[in-house]
Each structure stands twice: as C-alpha cells, then as structure tokens.
Amino acid sequence: MDPVDLARWQFAITTVYHFLFVPITIGLSLIVAAMHTAWVRTKRPEWLRLAKFFGKLFTINFALGLVTGIVQEFQFGMNWSDYSRFVGDIFGAPLALEALLAFFVESTFLGLWIFGWGRIPERLHAATMWVVHIGTLLSAYFILAANSFMQNPVGFRYNPESGRAEMSDFGAILLNKVQLVAFPHVITSAYMVGGAVVMGVGVWLWRRSAAPGAPDAEDVPLYRRATRIGAVVTLVASLGVIASGDIQGKIMTEVQPMKMAAAEALYENETGAAFSVFTIGSLDGQHEVFAIKVPKVLAFMATGDPNGLVEGINPIKARNAEMVAAIERTYGSDVARISADADYTPNIPLAYWTFRLMMGVGFASMALSAFLLWVTRGRSRPPVSRWWVWAAIAAPLLPLVGNSFGWIFTETGRQPWLVNGLMTTAFGVSPSVSATEVLISMSVFTLLYAVLAVVEVRLFLRYVAHGAEPFHEPEQVAETADAPLQFSY
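Using the numbering used here, you'd call the opening residue of the sequence shown number 1117 and step up by one each time.
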C-alpha cells in the first residue's frame, strides 16, 4: 500500500478516536462547574451530589483524552515530517500555546478541584472547575487556529532560501475568518455532547431508580433533574450549532468552494441550487436515479441568498491551470508538487454522505432532547418501557457520532490539499518512512486504542451504575504541613 494512504489512515484513526473525548470534556466541565456553583449558592444537597457524580465521569474522560491526544503530536514527526518542516514555524506556535498554557491550566486546576474538597474555601473551590472549563476553551481555540490555517492559510510569508513558510502575523492566524466561525461551531457542538451525556445517564438512572424495589428509589427526583438539565443544555446548544454552522457554510464556500460543491455533488454552476436530502445513483453523483431535494436550500447555505449562484465541481476544476500558475509564481514549482493536469477534487461520496450524516444525527439529537423535555414535564416517574433504555443509549451517541462525521467532512473535503491551495497531502508525508513502518505503528496504535476503549467504557459504566453518592456535607480539613492530600472520591 502507498505510505501516504497509510499515514492518512493512521492520523484519521487517532484523530477521530481522540475527538470522542474532547467534546465530552468541554461540555461536562461546563455542566459540572454550573452544578458546583449551584451547590455553593443554594446549599441544596442534590446539586452537590450531581456535581460530584458527573465530576467522576468527567475525570475518567479527561484522563483518557489526555492519553489519546499525546499520540497525535508524535505523528507530525513520524509520518508528516515534510509538512512539519514546511509549515512548522506556523503550525507549531498555536500547538505550543495549547500545551504550555491551556493544558497546564486544565490539569492544574482539575487537580485542585479533585483534591480541594474541604481544603479550599467553597467559592474558590467551585471557581477551580470554571478555570478548568476556560482551559478547555483555550485548548480548543489554539488547536482550531492550527487547523484553520490548513483550511485557509494566512499570516505567513514564503522564504525561498529555506523553502519554508514562515509566520509573519500571529494575530492573523488567531483571527483567521475560518477560525472565528469554526470555534463557536465546535464549542456549541461540544456543549451539545456534554448535555447529551448528562441526559443519557440521567434517563438510565431515572428508569432504574423508578423500578419496583429499587434500592435508590428516593433518587428518582434527582435523576429526573439530571435528565432535564442535560436535555435543556443539548437543545439550547443545538440551536447554537445550527446558527454557527450556517455562518460557517458561507465562509467555507468563500475560501473552499470545491468543498461545498463536493458536499452536494454539484458538478455545474447552478443558480438557486437545491439541497438533496437523499440521492440514489452513481457514487460520484454524476448520474442521478432518484433524489429528494429541497429547492434553493443549498444556495442559501452557501451564499445567504436563495437565488445565489453556487459554483460546481467542473468549473472549479477548469481553473486548475490558473491556480497552479499563481502558486508556482509565488512559491516556486516544487513547493506543493502540483500540476495543472491533476485532479484536485475530494472524495465525492465521502463528502456528500458525511455532510448529511453530520446534520441528520444532529437534528435527531435535537429532537430527542425536545421529546425528553416534553415527556419529563411534571412527571415524577418514567413510563414502564424498554424504550427508555434505547433513549439512554442514543442520547450521548447521536451528537458524538455527529461530531465525528463533521470532522471527517471537514478534513476529507479539503483533500488532496494538506494546506489548502499551498501544499498537497502527498508532499507532506515523511519521505524516509516506508509503508511497512507506517502499517506497524498504525496497528500498534489501533490495538492500544482498542484496549483503552474497553478501559474507558468499563470505568464509565461502572461509575454510572454506582449512581450518585449519598449526601455528605464537605467538612473543612485541619491541615498540617505533613498532611497528605486525599482523593475526594
């Protein structure tokens, strides 16, 4: 197999797997911080019990996210050394800030939150989780700044002597137009996932505690509250996802018209283009047999005007020679190994279906949260039905899978560019790494991740099954110089 394809597969596996933990971390940190603050303000026992319970689940997820995230950094030197050499001065800066600033803020203040029960003043203790949440937002911002440069390279100049791209304006990188729309979209989707996790766990425990003879029958109101909190967060966040996604689609059309054309398999320019909800035909979308279309929706998504003009794949491909000539004039002929005769079209079936699956499961999650809010209104006990088990399973999985489809569309829709319009993916791979070496490392990482997945799921389900601990008023611990810290759980 080609080392380029294997390197792409390895990075895709590690990235998609790691990103399963990221939105849960961001979303749960906000919800736990809010629950802890509610306890400090009201002194109502249920808030403390919920904060500690979901704090355990957050800690498990944070630890696994940390382990899986470290592997990604290694790959830039292992499989993508030419990419690191060419744009490392730019790409490395936000990654360094994420590691040296955001991550250490998260980990330091999470430690204070875990070990601070009874040792830190209550208001200050609650504030530590808010700082953890701010750290997760900073971490996401810096990572997205690096990714947005790959989607829309700005703030750099090319040095022909070194053959490298060098940073010229760090502010432009941090305030990249793609970054400014991608950040709220990713964060609101993370809130949606965090709310859905709380909603799913709450539904399952609510149903269990309401069963005849359940030992935790007195906790029915507690888990109903958790279910409704999660549903409200999921529903409100989904509205933010829709609004930010609408803006992002227009910016994407401006800087990456090929990606939007591939998302609809639109081959020719079309005024007032329709959006196809479902299509049967050839995989590349050129021969349509049957389709369900909504008139003018794609035009509005791409341009903001229902009668706007959306460029098709073929007209964009016709400008290849012009684009290649401009790149060669600016950066030289060997920068991206480009050719006027090459096809710079992404994988059409992958772009088409991941775009729809991203939105489809997102709307399904939104509908489920609205339904659970309606069902739980004024009801102390759930109806006796196995449907609740499936609702508990689907609640966290739907937005989590939607996030993954969104990232697959974002990254594969940029192909074959590693840095859009500047460097092709084939140019960025490590020239000295063989296909066998990549295959071995990919197999090892995949096996390791499979083991970690089992550990994560078993730990998560074990602590969910335990439920919320009984209420105990935090007592201030009299510290001495030699007194060891004790884990709060």
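Ideal placement from N, C-alpha and C gives every residue a C-beta, glycine not left out.
Residues bridged to residue 1409 (per DSSP): Beta-bridge partners assigned by DSSP to residue 1409: 1392.
Residue 1485 beta carbon less than 8 angstroms from that of residue 1194: Residue 1194 is not a Cβ neighbour of residue 1485, given a cutoff of 8 angstroms.
Range of the contiguous alpha helix (DSSP H) that encloses residue 1490: Residue 1490 -> alpha helix (DSSP H) spans 1464-1492.
Sequence ranges, alpha helix (DSSP H) only - wholly within the segment 1562-1586, length at least 4: Taking only runs of at least 4 residues, no alpha helix (DSSP H) segment lies wholly in the segment 1562-1586.
Supposed contact pair residue 1297 and residue 1535 - C-beta distance, whole angstroms, cut 8 angstroms: Contact flag wrong, Cβ pair sits at about 19 angstroms.
Three-state secondary structure assigned by DSSP to residue 1535: If DSSP states are grouped into helix, strand and coil, residue 1535 belongs with the strands.
Identity of the residue in 1376, 1464, 1371, 1374 nearest residue 1403 by Cα: Checking every option, the nearest Cα to that of residue 1403 belongs to 1464.
CB of residue 1432 within 8 angstroms of CB of residue 1377, strictly: Yes, the pair counts as a contact, with Cβ atoms nearer than the cut-off.
Inter-residue Cα distance where the pair is residue 1136 and residue 1360: When rounded, the distance between both Cα atoms is 21 angstroms.
8 angstroms contact criterion, which residue 1123 and residue 1196 should meet: CB distance rounded: Between residue 1196 and residue 1123 the Cβ distance is about 7 angstroms, and since that is below 8 angstroms, they are a contact.
Whole-number beta carbon distance between residue 1323 and residue 1504, since they are thought to touch under 8 angstroms: So it is a contact: roughly 4 angstroms between Cβ atoms.
Touch test, the segment 1416-1427 against the segment 1368-1386, Cβ-Cβ under 8 angstroms, three pairs minimum: With the cut-off at 8 angstroms, the segment 1416-1427 and the segment 1368-1386 touch.
Separation of residue 1569 from residue 1604, as counted between CA atoms: For residue 1604, the predicted model reports a pLDDT of 48, less than 50, meaning its position is unreliable; a value from the coordinates is still stated below. Between residue 1604 and residue 1569, the C-alpha separation is close to 25 angstroms.
3 or more residues per run - each beta strand (DSSP E) lying fully within the segment 1346-1399: The beta strand (DSSP E) runs lying completely inside the segment 1346-1399 and spanning 3 residues or more are 1391-1397, given in chain order.
CB contact flag (residue 1134, residue 1191, <8 angstroms): Cβ atoms of residue 1134 and residue 1191: not closer than 8 angstroms.
Meets three-Cβ-pair contact criterion under 8 angstroms: the segment 1204-1219 and the segment 1543-1558: Contact fails: fewer than three Cβ-Cβ distances are below 8 angstroms.
Helix, strand or coil at residue 1235 [DSSP, three-state]: Collapsing the DSSP output to three states places residue 1235 in coil.
Sequence-distant residues of the same chain with beta carbon closer than 8 angstroms to residue 1423, five excluded per side: Correct list, in chain order: 1387, 1388, 1412, 1415.
Whole-angstrom distance between residue 1214 and residue 1533, CA atom to CA atom: Distance between the alpha carbons of residue 1533 and residue 1214 is about 25 angstroms.
Short Cβ contact (8 angstroms threshold) for residue 1278 with residue 1481: No, Cβ-Cβ distance for residue 1278 and residue 1481 is not below 8 angstroms.
Segment contact flag, the segment 1137-1148 with the segment 1239-1256, C-beta cutoff 8 angstroms, min 3 pairs: Counting Cβ pairs under 8 angstroms, three or more are found: they touch.
According to DSSP, residues forming a beta bridge with residue 1426: In DSSP, residue 1426 forms a bridge with 1386.
Residue 1285 classed as buried or exposed, judged by whether at least 16 other C-beta atoms fall within 10 angstroms: Counting Cβ neighbours within 10 Å, residue 1285 comes out exposed, since fewer than 16 surround it.
Residue(s) in a DSSP beta bridge with residue 1081: With the chain running from 1117 to 1605 in the structure shown, residue 1081 is simply not present.
Whole-angstrom distance between residue 1585 and residue 1290, CA atom to CA atom: Straight-line Cα distance between these residues: approximately 43 angstroms.
Spatially closest choice to residue 1364 from 1539, 1407, 1264, by CA coordinates: Closest option to residue 1364, Cα to Cα, is 1264.
Residue environment, residue 1329, which counts as buried when at least 16 other CB atoms sit within 10 Å: Classification for residue 1329: exposed.
Residues near residue 1634 in its chain [Cβ-Cβ closer than 7 angstroms; skip 5 each side]: Beyond the ends of the chain as shown, which are 1117 and 1605, falls residue 1634; an answer cannot be given.
Simplified DSSP state of residue 1275, which is helix, strand or coil: Here residue 1275 sits in strand by DSSP.
Rounded straight-line distance, which links the Cα of residue 1319 to that of residue 1606: In the structure displayed, the chain extends from 1117 to 1605; residue 1606 sits before or after that span and is not available.
Supposed contact pair residue 1392 and residue 1409 - C-beta distance, whole angstroms, cut 8 angstroms: About 5 angstroms separates the two Cβ atoms, so the contact holds.
Residues of its chain near residue 1477, where Cβ-Cβ distance is below 6 angstroms and the 5 sequence neighbours each way are ignored: Excluding residues within five positions, the ones whose Cβ falls inside 6 angstroms are 1514, 1517, 1518.
Endpoints, beta strand (DSSP E) assigned at residue 1281: First-last of the beta strand (DSSP E) with residue 1281: 1280-1283.
Contact between the segment 1222-1238 and the segment 1257-1271 (3+ Cβ pairs under 8 angstroms): At 8 angstroms Cβ cutoff, the stretches do not touch.
Proximity below 8 angstroms, CB of residue 1462 to CB of residue 1374: The beta carbons of residue 1462 and residue 1374 sit closer together than 8 angstroms.
Residue range of the unbroken alpha helix (DSSP H) whose run includes residue 1295: For residue 1295, the enclosing alpha helix (DSSP H) covers residues 1293-1325.
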